[in-house]
Amino acid sequence: MVRRARRINRELAEVYPYAHPELDFANPFELLVATVLSAQTTDLRVNQTTPALFAAYPTPEDMAAAVPEEMEEIIRPTGFFRAKTKSLLGLSAALRDEFGGEVPGRLEDLVKLPGVGRKTANVVLGNAFGVPGITVDTHFGRLVRRWKWTDEEDPVKVEAVVAGIFPKSEWTMLSHRVVFHGRRICHARKPACGACPIAPLCPSYGEGETDPEKARKLLKYEMGGYPGQRLSPPADYPGKPAPALGAE
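Going by the numbering used here, the residue at position 39 of the sequence shown is 1380; the numbering climbs one at a time, nothing skipped.
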């Protein structure tokens, strides 16, 4: 299983050499806020919403002083906007009061912030601070169970199992590759098995569409010729930038 898992990672690295966090951000604070907003919505919707949010509140100090109703209106498109506003106000005040307005670079500090769990903390650590971390979102959990790396459902237990399979240096990029694959090919309801580059390694091959032509029609984002989720993707991203809010 370990050999097969590591080979899957190597194959995914060839398929997605450009894998990256699909949230637009310019600094650790922006990534932290965007990740909190990404709960129960798409990264695309977050990326379409954060330009106005960061224009209004560019620093933790600015955000902590925001009028809640005004922030709610800005982030309304991401859903659950009242709860998310409460989290953002709380974490911004904590950054201002306890961390000198800076996002901390330690897991134990990040998870104390309102609205920040291990998943969010690992996203920030891996992508803003270069600290290896495994991000167990719904895509990651689904795929590692399909690949029989684990049958655990609890994200913390999944993280621990997968961390034992791969060297720490691989954790952050592994997370990106698995999530990319889950969004583009290995979908929840109808995986595109017939168009999957790692089909020969997959113990769950056949759960989805195996006909190559039909499977190709299921591909999403750049794999299917469509825009990605970022309005400002990395220079090496082969797909189209996502449209701004209201331009879809």
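Each residue gets a CB set at the ideal place from its N, CA and C atoms; glycine is no exception.
Consult DSSP for K1425 and reduce its assignment to one of helix, strand or coil. Secondary structure of K1425 (DSSP, three-state): helix.
Let me know if P1579 comes out buried or exposed under the rule of 16 or more other beta-carbons within 10 Å of its beta-carbon.
-> exposed
- Item | Buried versus exposed, by CB contacts within 10 Å (16 or more), M1342 | Under this definition M1342 is an exposed residue.
Q. Pick from K1531, D1577, H1522 and P1575: whose alpha carbon is nearest that of Y1562?
A. H1522
Quick check on G1569: buried or exposed, where buried means 16 or more other Cβ atoms within 10 Å of its Cβ? buried
Would you list, in sequence order, the uninterrupted alpha helix (DSSP H) runs of no fewer than 4 residues that lie entirely inside the region 1407-1456? 1409-1416, 1422-1439 and 1448-1451
Roughly how many angstroms lie between the CA atoms of V1477 and E1500, to the nearest whole one? 6 Å
(request) Kindly indicate which three-state DSSP category P1568 falls into: helix, strand or coil? (result) strand
- Query: When you compare only the Cα positions, how much space is there between L1394 and E1355?
  - Reply: 36 Å
query: Among E1411, W1512 and C1534, which has the Cα closest to the Cα of R1351?
result: W1512
Task: Spatially closest choice to I1475 from T1491, P1496 and G1431, by CA coordinates - done: P1496
In the DSSP assignment, find the unbroken alpha helix (DSSP H) run with H1361 in it and report its ends.
-> Neither: H1361 is in no alpha helix (DSSP H) and is coded neither H nor E.
query: Does the beta-carbon of Q1381 have 16 or more other beta-carbons within 10 angstroms, so that it is buried, or is it exposed?
result: exposed
Discussion item. Would the region 1390-1410 count as touching the region 1448-1455 if we require 3 or more Cβ pairs under 8 Å?
Written reply: no
| field | 8 Å Cβ cutoff met for P1369 and H1517 | value | no
Nearest-angstrom Cβ-Cβ length linking A1583 and L1385, presumed shorter than 8 Å: Sure, about 5 Å apart at Cβ, within 8 Å.
Quiz item: Which full runs of the alpha helix (DSSP H) of 4+ residues lie inside the region 1498-1540, going along the chain?
Solution: 1512-1525
Fill in: Buried or exposed by the 16-neighbour rule on C-beta atoms within 10 Å, applied to R1571
buried
- Query: How is K1581 classed by DSSP in three states: helix, strand or coil?
  - Reply: strand
Item to complete: Starting from the C-beta of C1537, find all residues in its chain whose C-beta is less than 6 Å away, skip the five residues before and the five after it, and write them out in chain order.
Response: I1526
For my contact list, A1397 and I1415 are in at a C-beta cut-off of 8 Å; report their separation, rounded to the angstrom. 6 Å
Q. Would K1509 be called buried (16 or more neighbouring beta carbons within 10 Å of its own) or exposed?
A. Around the beta carbon of K1509, a 10 Å sphere encloses fewer than 16 other beta carbons of the protein chains shown; the residue is thus reported as exposed.
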